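Participant:
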Amino acid sequence: MACTYPKNRAGGLFIRAGAILPYWPAMDYVGEQPVETLVLHVYPEGKSDYTLYEDDGDSLEYLKGAVARTQIRCEAEPRRVTLTIAPRDGNYRGMPATRSYEVHIHVAQPKAVTAAGWSYDASNKTVCLTVAEDPQRKTPIVVRCDL
């Protein structure tokens with residue numbers, strides 16, 4: 080069966096195993112809307128990490144250190160996947176006071192997940208959940224999927 084794509088689109092998107100991909104909401108310009116929730120798509124394979132780097136997106140204050148960094152790590156073992164989201168480190172003008180993550184971990188259906196309110200999307204083979212950072216930004220978010 081041949082695949083067809085709309086005229087204004089390219090082809091398929093290939094994602095490397097171990098990738099951690101953050102998504103921002105669609106916006107026409109920086110600052111159009113506050114970004115309090117980020118979407119994370121995680122494709123576990125071995126050990127992988129990603130540093131989310133944020134600044135105000137508008138000034139040169141990043142040159143003076145006005146940035147926030149978030150370390151995101153994933154470790155895939157034969158029977159468990161562990162995702163760790165460290166607290167944001169740093170500050171910048173306009174930074175959201177709180178941050179939450181809509182997480183999509185692409186794995187086989189788990190036996191258990193160490194987070195409340197998770198669901199499993201069998202059609203996409205994805206664990207879906209929303210987690211929020213510690214308001215004091217001291218404690219990492221840890222999600223474990225037992226496979």
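In the working numbering, the protein residues as written are 80 to 226.
The C-beta atom is built at its ideal place from N, Cα and C for all residues, glycine as well.
Keep in mind that this is a model prediction, so the values were computed, not measured.
Just how far apart, CA to CA, sit ARG178 and ARG88?
Facilitator: When rounded, the distance between both Cα atoms is 32 angstroms.
Participant: Are there 16 or more other CB atoms within 10 angstroms of the CB of ILE156, so buried, or fewer, so exposed?
Facilitator: The question names Ile, yet the displayed sequence has Glu at residue 156. That one is exposed.
Participant: Could you tell me the distance, in whole angstroms, from the CA atom of LEU233 to the CA atom of SER202?
Facilitator: Given that the chain is displayed from residue 80 to residue 226, the structure contains no residue 233 and the question cannot be resolved.
Participant: With LYS126 as the anchor, note down where its beta strand (DSSP E) starts and where it stops.
Facilitator: 126-133 is the span of the beta strand (DSSP E), which, as asked, contains LYS126.
Participant: Using a threshold of 8 angstroms, state whether the C-beta atoms of VAL109 and ASP137 are closer than that.
Facilitator: Yes, Cβ-Cβ distance for VAL109 and ASP137 is below 8 angstroms.
Participant: Classify ASP213 as buried or exposed, calling it buried when 16 or more other Cβ atoms lie within 10 Å of its own Cβ.
Facilitator: Exposed: under 16 other Cβ atoms inside 10 Å.
Participant: For ILE151, count neighbouring C-beta atoms within 10 Å of its own C-beta (all shown protein chains included) and say buried if the count is 16 or more, exposed if not.
Facilitator: ILE151 comes out buried.
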